[in-house]
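Undergrad: Heads up: the sequence shown is residues -16 to -1, 1 to 174, going by mature numbering (1 follows the signal peptide of the UniProt record, and there is no 0). Just so you know, even glycine gets a beta-carbon here, dropped at the ideal spot from N, CA and C.
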Amino acid sequence: MLRFVCILGLFSATFAAAVPKPCCAKHQLTADLQQITGSYTNGTPSTVETLMKIQYDYDTLMIKLELSDGTTIIQDFNQTKQYTTSGKSCRTDDIQSDIQLQPPCVPSNAVYRGRNTIGDDVTYDVDTWFVAGTPWGNITVSVMAHDCTPVMQGTSSNANNVVSQTTIFYHNVQFTTLAATTFQVPQPCP
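1. To the nearest angstrom, how far is it from the Cα of Ile57 to the Cα of Thr34?
2. Name the DSSP bridge partner or partners of Ala15?
3. Give every residue of the same chain whose Cβ lies closer than 8 Å to the Cβ of Asp78, excluding the five residues on either side of it in the sequence, and list them in chain order.
4. What is the rounded straight-line gap between the Cα of Gly98 and the Cα of Asn142?
5. Determine whether the beta carbon atoms of Leu17 and Ile38 lie at a separation below 8 Å.
6. Going straight from the alpha carbon of Thr25 to that of Met128, what length do you get?
7. Looking at the secondary structure, which residues open and close the beta strand (DSSP E) in which Gly27 lies?
8. In three-state DSSP terms, what is Phe159?
9. I need the boundaries of the beta strand (DSSP E) containing Lys48, first residue and last residue.
10. Of all the beta strand (DSSP E) runs that stay within the bounds of the segment 94 to 146, which reach a length of 3 or more residues?
11. In the DSSP assignment, what are the bridge partners of Phe153?
12. Check for me: the beta strand (DSSP E) holding Cys8 runs from which residue to which?
13. Mapping DSSP to helix, strand and coil, what is Thr56?
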């Protein structure tokens, strides 16, 4: 009996040690994003789906989003400016000083939720993490277990009489070196 308890204790310790540590992906990536937001505002429900391409560079603190409607958004976290172009018009906005570009990492305070697989003939292990109380709400993120490639991110929030759930799916993720011209502010932006 004592031998069984010792073996069970060893198995439990081994299993407990198998929980992965939060990880980081590479600092530059491109991906196709599918974002779906469901919200409930003052008793009125709504759903919005947005397709976009993201080019993300944590080293230069820049993001470029190309939306399916032709709108392009460049966020420059060095200058705390956002440039939005659509057709021949451009709008420049300030990025709030309390908003910073997030590193491509699962935060160290994230709670591990478990491992699942995706795929059929070829399967991949995916780790899921939960982070409560961020400035954007509660976040659930799923990443590839072997290299921390983002797969999905869900954000839940309840602020200013708006309850919302946003889910972002990452497709065609590539870790590639981005040229400096990728984030060049287009004309006619000031």
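TA: With the structure as the only source:
1. The straight-line gap from Cα to Cα measures roughly 14 Å.
2. Answer is Ile38, bridged to Ala15.
3. Thr64, Lys65 and Gln66.
4. Going by C-alpha positions, Gly98 is about 26 Å away from Asn142.
5. Taking C-beta atoms as the reference points, Leu17 and Ile38 count as a pair closer than 8 Å.
6. Computed Cα separation, rounded: 34 Å.
7. The continuous stretches of beta strand (DSSP E) do not include Gly27, and DSSP gives it neither H nor E.
8. Three-state result, Phe159: coil.
9. Met46 to Leu51 is the extent of the beta strand (DSSP E) around Lys48.
10. Runs of beta strand (DSSP E) with 3 or more residues, each lying fully within the segment 94 to 146, are found at 95 to 103, 107 to 118, 121 to 128 and 134 to 143, listed in chain order.
11. Answer is Gln18 and Met136.
12. Boundaries cannot be given for Cys8, as no beta strand (DSSP E) includes it and DSSP labels it neither H nor E.
13. Three-state DSSP puts Thr56 in a strand.
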